[in-house]
Structures are given as structure tokens and as C-alpha cells.
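Protein chains in written order, with our numbering: chain A, 42 to 185; chain B, 515 to 790; chain C, 282 to 565.
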């Protein structure tokens, strides 16, 4: 019953979020928090479209208003291309919203849930293709 | 003796003894050899088959390129950042080279034609698939796809809506006549060096290969580069011969990153090795 | 119960996202140089009968976005001999054994971007491959790392000596392969002489240099190709072990995107992200 209510709530918010606890024991999940931290008005300083994981470096202010330099990782290009990303999706200077799972040990780093570009476009992390490390389990091929 | 274990040590050796076309190959080839390491076919070559380069070829032999033209300021700036190793080294400092091939990053096109193997020659083979020619190289076991369906090359790369630049570029090909194949390439990733010295090559460079099959066993390759972003004029980057491989065989020649990095970190750097 | 609902949420949202993606893609001019997974997905059905003795062309494999049937992984647990168990225990696959991180893994591909070698390169990152032939050989051109394999069809025997002696052959990352058509739609390949430092699978199954891997390529129709692999390695396995089944679909445009790993990028990633993620905070 509880599970059903949680799912209904997630759907009505239009938010794609896994409702189960991350029971899969893949790399990166243990090192990163389970809750999502959101950085609004993050300024991209570097975008590395690369294997094994694409990296976005950005500057933002944390909850206390302090400037932080963060790096967030997401899947490799061959997985991201299939869900709408391209090499030019993000570039230094872009101001975006970053939703991520930050590192438990205090490193200014973490795993992406999704970014929201200035024009409202959402680009997600993915576990497509067995990319261990993604926490969202977003997979357009699921069910095929 | 392990092929890939040797590769790392002979990369260093090869660069001691050979650079682009300046190496002395020493006296005359022994009887039955075109050049050292290249057995001569026992029979004289027949005529060139029409519109057909299929088979395994070895080269470059007797490469006689043009001198590099002057670079643009942008080209010079990029060139300054690069620190080659081996006899191509331009300076005396003991700092490590930043040649990406040290960590076995892909050579990219057209540097892969220079073939950093023991003999400074590599082999390649032509095959085909629907609307394409395919070229498979011994050097690093890479392959290229040449589209023959009449499409245009991409006008740009790495911008919104455009294809991405690639380490081996985007290529189209056509037969100019029954014995000459022309391949045009653009959109090569800018990270791989043009040559061992570290000259730059932009992603907008147009690189043309002209393969002329003179007879059954002899192929000529001319490669010209037109790269206005980094060079003040086009030039002929390679002018060389390729010969038919007796036995039509390949070795597996792959740079293994863990071996390259281990060599660099456990041997070269601690020893202050300067490879000259 | 919860898992089923989660699947529904993902499926619905995935469909919504994909149609939004299709709209976004349609507004951009199309390039023949790009791969459009939705086109490959729309190409449903078998496309007609399989051509005889012909695998030539570019294929979409696992996780290519082409809607290809999911692969069957290698059998697990593997039937190992005591020596095999020893070697398997040494291999720390990323994601394995309760959550091995990249920092803890000793997978040479994960730590260095070393090539997978065969047979791992036929079921790991096997999103696309191109097959071509010459009269005496078949080539399998893999998209990942732009590496090719050569399969001899001239009737030669596989080498057997990889250690010492006059007829010794160096072990290689892709091994030595011979192939033949078993019937008009089944191409069978045998490979041996694979360098033992490669992992046979993503999960770290070991193999000796004398291992023999059999691939059966079955062309079921114009659009469908299935690859089944088994490995026979008596030193390390008590019986032949199944390496699974990979499905492929014909790509109408015959184009797929490039993807590879760049060793220096991997080194930078390890330094900046993966290794620090395993460290306690030095400031604490």
C-alpha cells in the first residue's frame, strides 16, 4: 500500500525517481548519498564527454551560500547519446540546474541524477547498458 | 617473446632510429627482399586489377613528403604545448614527453599511417560492406570506414546538430579512374597529433589520400592536407610506396595502456630516461 | 509488488521521455553521419529471409537503443577447477562481490582502458559491429575501441603451441581464429591462443592460453543475427562453460556512432573522481 502511494506521488509530480532503496551494489552507489542535492544556477566550467564516465565541473553556491567547485559524473557517451545527450549539450559558461547524489566522504563530487538546461530541457543519468554506478536506473530499453 | 610486451619497448627503439622519412635504412636490401623486412614476390607483378585494392599492403616505403608549411599563430600556439620524445625531441629538458601515444591514446588519422612498429612500417587491408570501403590497419588494430554512396562530407563537427569529431575522421571515397582511388576525410578529433613531432591538425582539416595501383604488387599513396586553421597553405604530407605482402598476413600490434604506463612510471621517469 | 510498480513508472516516464526526444531530434536537420536509434527501432520484423552465407554489414547489438533483445550473460557460477577458482578470486570485477568500486577493481580495462581482448569484446560494450569478408577471411570490426578481428577461412588449422619451441605462436589479445559455414545460415568460429592476462568476461572469468572459444553466428533473417559462445578450457573449467547469447539487429542506415576509451582520459577520471571517491575525507 505504502509503495503504491509513493509511486502515485512520484508520477503526479512528474518526477522520475526510483522509489525503492538502491539495493543493487554497484560501484559508486556506496560512496554517494541516497538523497538528492540540488544546485540551482550552477555555472559549468568544464565538460568532459568521455569514457568511462562523462564529467561536468561546475561552480555553485551551497546551502550556506558559500561558493563551491563541484564535479559530477554521469554515464559514458555511448549510453548518454541514446537518451538525448550530445557532445554539445553542455558547454563551459552554461548556467544549469544540477541534481546529484553527493559523496558521503565530503569530496566535492558525486553522481548525477539529472541536469536541467536553461531552456528547460532535462538530461538524465542512465544505467543503460549496464553502466554500474548510475543510481536512477533510468533505462529507455527497459521492458523490451 | 610477447608481441604486445615488445611493442612498448620497441616504440622507444623505433623512435631512436626512425622519424618521418629521415631514417637511413642502410645499404642494399638482401637478395629476395624489396627492403629489409619486406620479401619480394617471386614472380613479376601482373597488371593492376581494375578498381580493386583488396589485399594486404605494407608501407610506407621511401616516403618523400613536402616540408611542412609555416603554421598560423593558432597552429604555432598548439605546437608549443606539445613535447615529443625520441629523436624528434626539440628541447633538452628532462621533463616527460606529453605525446598521447605514451599512454596508448589512439594515434588518430593520418598519424596511424606512419606506423610506429619496429620497422616503422605497417600493413593495411581493404575490404568492403554495403556502400563502403573498409580499411583495417595492423598498427593498433584499428579500422576506418570510407563511404562510397556519394554523400558529402560533414560541413562541421562538434557543433549543435553536427556529427562529433572522431579519432579516425569521417571519410568518403570514389574511383577517379580504374586504378586511382581518392579518399577525402575531415572531422578528425583535434587531440591526436599529426606526427611524432606533435604538429597540430584541426577538425576542419581536409585530408586527401590518392591510392594509385601501378600493378599487382605496387601501390602509391599521396596524402595532402589542407588545414587553413593551423597552416598557411596545403601541402603533401606523404608521398610513398606500398608493396604487396607475401603471405598476406598480419601481426597483432596493439599498444597496451597498462604496459605503457608501467613503463613510463616504473622505468622511464624514475630513471630520468631521455630517449634521444 | 513494489518492483512491478517501479517498472510501470519507469516505462511510462521512459515512453514520455522518448517521444519528447523524438520531437527534439526531428527539429534538427538529419545527417547521414549520425545514428538515429529510433530509426533502427522502427525497423521491426525480420526484413525478409536471410541471405545465404552472408553476414556482411553493420549490426546493432546490446544497449544500442535499437530495441535489440537483451543478451543472455555467461553462466553463473562458473564451473571452475581449483586452479580456475584461484585465478577467478584474484580478479576483482567492478560491481562484483558486494560492490567492488572502480578504485578497488583490478580490471585492466577499468583501470587502464586496456583492450578487452576476445571473447570479452564480443559481449562487453558490444553495441555495434561491422562484418566484412575477403575470399579467404572474415573480419569482425568492432565499434568499441575501433578494433578488428580476423577469422581465417582457408582451411588452416589452429596453432597449438603458445609456450616455447620452433612453431611457437605469441598469444594475442584477439587470439587466432578459423571459421567455416556449417550450413547456409550458421557460421562457426574457433579461437585459441588468447593472451591469459585478458579477462574472458566482464565478471572476470579467467582463461588459459589454451582455451578454445566457439562462436556460432546464426543469421535467422535479413534483420536478425544471434551469436552463441562457449569456452572449453580444461585447465580452469571442469566442463565447457557457456559465455551466453548476444542478439544483433540490422541497422537500416548502416551507421553507428564511434565510442571508445582514451587511456589518458581514464587516468584523469581515476585521479579526479573514482579513486578519491574511495578515500576518507583528508580534511576530517
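Every residue gets a Cβ at the ideal spot worked out from N, C-alpha and C, and that includes glycine.
From the beta carbon of residue 673(B), is the nearest beta carbon of chain A less than 8 Å away?
Within the second chain, numbered from 1, the residue matching residue 673(B) stands at position 159. It does: the Cβ of residue 673(B) has a partner Cβ on chain A nearer than 8 Å.
Whether residue 521(C) touches residue 490(C) by CB criterion (8 Å):
As a position in the third chain, residue 521(C) is number 240, starting the count at 1. As a position in the third chain, residue 490(C) is number 209, starting the count at 1. No, Cβ-Cβ distance for residue 521(C) and residue 490(C) is not below 8 Å.
Give the C-beta separation of residue 314(C) and residue 541(C) to the nearest angstrom, bearing in mind that I take them to be a contact with Cβ-Cβ under 8 Å.
Here residue 314(C) is taken as the residue at index 33 of the third chain, counted from 1. Here residue 541(C) is taken as the residue at index 260 of the third chain, counted from 1. Between residue 541(C) and residue 314(C) the Cβ distance is about 17 Å, and since that is not below 8 Å, they are no contact.
If contacts are defined as beta-carbon pairs under 8 Å, then residue 737(B) and residue 624(B) qualify, I think. What distance do you get, rounded to the angstrom?
Mapped onto the second chain, residue 737(B) falls at position 223. Mapped onto the second chain, residue 624(B) falls at position 110. With a Cβ gap of about 6 Å, residue 737(B) and residue 624(B) count as contacting.
Can you give me the Cβ contacts of residue 580(B) inside the same chain, cut-off strictly under 7 Å, excluding the 5 residues immediately before and after it?
Translated into positions along the second chain, residue 580(B) becomes position 66. 749 and 750, listed in sequence order.
How about residue 543(C): is its C-beta nearer than 8 Å to some C-beta of chain A?
As a working mapping, residue 543(C) is identified with position 262 in the third chain. Interface residue, yes.
Going straight from the alpha carbon of residue 518(C) to that of residue 359(C), what length do you get?
Here residue 518(C) is taken as the residue at index 237 of the third chain, counted from 1. Here residue 359(C) is taken as the residue at index 78 of the third chain, counted from 1. Residue 518(C) and residue 359(C): Cα-Cα distance of roughly 8 Å.
Simplified DSSP assignment, three categories, for residue 321(C)
Within the third chain, the letter at position 40 stands for residue 321(C). Residue 321(C): helix per DSSP, three-state reduction.
DSSP on residue 780(B), reduced to helix/strand/coil?
In the second chain, counting from the first residue as 1, residue 780(B) sits at position 266. Note: residue 780(B) maps to helix in three-state DSSP.
List the residues of chain A whose Cβ lies closer than 8 Å to the Cβ of residue 554(C), in chain order.
Position 273 of the third chain holds residue 554(C). Per Cβ cutoff of 8 Å: 94, 96, 112, 114 and 150.
Check whether the Cβ of residue 656(B) lies closer than 8 Å to any Cβ atom in chain C.
For the purposes of this step, residue 656(B) is taken as the residue at position 142 of the second chain. For residue 656(B), the answer is yes, since a Cβ of chain C falls inside 8 Å of its Cβ.
Coarse secondary structure for residue 390(C), derived from DSSP in three states:
Sequence index remark: in the third chain, residue 390(C) carries index 109 (1-based). If DSSP states are grouped into helix, strand and coil, residue 390(C) belongs with the helices.
At the 8 Å Cβ level, is residue 121(A) part of the contact set with chain C, yes or no?
The count along the first chain starts at 1 and reaches residue 121(A) at position 80. No - not a single Cβ of chain C is within 8 Å of the one on residue 121(A).
Let me check understanding here. Comparing Cα to Cα, which of 385(C), 455(C) and 440(C) lies closest to residue 448(C)?
Residue numbering aside, residue 448(C) sits at position 167 when the third chain is read from its first letter. Nearest option by C-alpha distance: 440(C).
Where residue 402(C) falls: helix, strand or coil (DSSP)
For the purposes of this step, residue 402(C) is taken as residue 121 along the third chain, with counting starting at 1. Reduced to three states, the DSSP call for residue 402(C) is helix.
What residue does the alpha helix (DSSP H) around residue 367(C) start on, and which one ends it?
Within the third chain, the letter at position 86 stands for residue 367(C). Taken as a continuous stretch (DSSP letters only), the alpha helix (DSSP H) holding residue 367(C) covers 363 to 371.
Terminal residues of the beta strand (DSSP E) in which residue 757(B) lies
Along the second chain, read from residue 1 onward, the residue named residue 757(B) stands at position 243. Looking at the DSSP string, the run of the beta strand (DSSP E) that includes residue 757(B) is 749 to 758.
Taking 8 Å as the threshold (beta carbon to beta carbon), is residue 428(C) in contact with chain B?
On the third chain, position 147 is the one that residue 428(C) refers to. Closer than 8 Å to some Cβ of chain B, the Cβ of residue 428(C) qualifies, so yes.
Alpha-carbon to alpha-carbon, residue 664(B) and residue 361(C):
Residue 361(C) sits at position 80 when you count from the first residue of the third chain. Residue 664(B) sits at position 150 when you count from the first residue of the second chain. Going from the Cα of residue 361(C) to the Cα of residue 664(B) covers about 54 Å.
Enumerate in chain order the residues of its own chain whose CB-to-CB distance from residue 118(A) is below 8 Å, with the five nearest sequence positions on each side excluded.
Numbered from 1 along the first chain, position 77 holds the residue referred to as residue 118(A). Correct list, in chain order: 90, 91, 92, 95, 126 and 128.
Give me the chain D residues within the contact set of residue 133(A), using Cβ-Cβ distance strictly less than 8 Å, ordered along the chain.
Among the chains of the structure shown, chain D does not appear; the protein chains present are A, B and C.
So with Cβ pairs under 8 Å, would you call residue 623(B) a contact of chain C?
The residue labelled residue 623(B) in the question sits at position 109 within the second chain. Not one chain C Cβ lies under 8 Å of residue 623(B).
First through last residue of the alpha helix (DSSP H) which encompasses residue 593(B):
For the purposes of this step, residue 593(B) is taken as the residue at position 79 of the second chain. That run of the alpha helix (DSSP H) goes 587 to 594.
In terms of alpha-carbon separation, which member of 644(B), 711(B) and 758(B) lies closest to residue 339(C)?
Along the third chain, read from residue 1 onward, the residue named residue 339(C) stands at position 58. Taking only the C-alpha atoms, the option nearest residue 339(C) is 644(B).
Any contact of the stretch 457 to 474 of chain C with the stretch 419 to 437 of chain C, i.e. 3+ C-beta pairs under 8 Å?
yes
Does any residue of chain B have a CB that is nearer than 8 Å to the CB of residue 162(A)?
On the first chain, residue 162(A) is found 121 positions in, with the first residue counted as 1. No, because no Cβ of chain B sits closer than 8 Å to the Cβ of residue 162(A).
Min CB distance residue 68(A) to chain B below 8 Å
Taking the first chain and counting its residues from 1, one reaches residue 68(A) at position 27. Low per-residue confidence applies at residue 68(A): pLDDT is 39, beneath 50, and the placement is therefore not dependable, though the value from the model is reported in the following sentence. No, no contact with chain B.
Assess, as a yes-or-no matter, whether the stretch 479 to 487 of chain C is touched by the stretch 499 to 511 of chain C under the definition of 3 or more beta carbon pairs within less than 8 Å.
no
Quick check on this structure: which residue in 550(C), 389(C), 458(C) and 461(C) has the alpha carbon closest to the alpha carbon of residue 770(B)?
Within the second chain, residue 770(B) is the residue found at index 256, counting from 1. The candidate whose alpha carbon is nearest that of residue 770(B) is 389(C).
Three or more C-beta pairs closer than 8 Å, one from the stretch 96 to 114 of chain A and one from the stretch 318 to 330 of chain C: is that the case here?
no
Go through its chain and collect everything with a Cβ distance to residue 350(C)'s Cβ below 7 Å, but skip five positions before and after it.
Here residue 350(C) refers to the residue found at position 69 when the third chain is read from its first residue. Correct list, in chain order: 528.
For the beta strand (DSSP E) that contains residue 650(B), what are its first and last residues?
Position 136 of the second chain holds residue 650(B). 646 to 651 is the extent of the beta strand (DSSP E) around residue 650(B).
Would you say the stretch 753 to 764 of chain B touches the stretch 705 to 724 of chain B, given that touching needs at least three Cβ pairs under 8 Å?
no
Can you tell me where the alpha helix (DSSP H) holding residue 121(A) begins and where it ends?
To locate residue 121(A), count along the first chain from 1; it is residue 80. Note, residue 121(A): alpha helix (DSSP H), 118 to 121.
Can you check DSSP and say which residues form a bridge with residue 512(C)?
In the third chain, the residue the question calls residue 512(C) occupies position 231. For residue 512(C), which the question treats as bridged, DSSP gives the partners 494(C) and 522(C).
Step through the CB atoms of chain C and report whether any lies within less than 8 Å of the CB of residue 568(B).
Residue numbering aside, residue 568(B) sits at position 54 when the second chain is read from its first letter. Chain C, which has a Cβ nearer than 8 Å to the Cβ of residue 568(B), makes this yes.
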